[in-house]
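Enquirer: Sharing a structure with you now.
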């Protein structure tokens, strides 16, 4: 979706290096707490 929005492909390196925190963000999102996932998506966008 990032590419369709005019961005470069996301750099998932930070997600891979911090897998436990990323998985925790997924769980938080399932409880409608999207802040942690916003952090990880923003980090992936910044690396481009």
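Residue numbers (the working numbering): 18 to 65. Virtual Cβ for every residue (Gly too), placed ideally from N, Cα, C.
To the nearest angstrom, report how far apart residue 58 and residue 37 are at their CA atoms.
Expert: 15 Å
Enquirer: Given a threshold of 16 other Cβ atoms within 10 Å of its Cβ, counted over all protein chains shown, does residue 42 qualify as buried or as exposed?
Expert: buried
Enquirer: Where do the N-terminal and C-terminal ends of the alpha helix (DSSP H) with residue 45 fall, by residue?
Expert: 36-47
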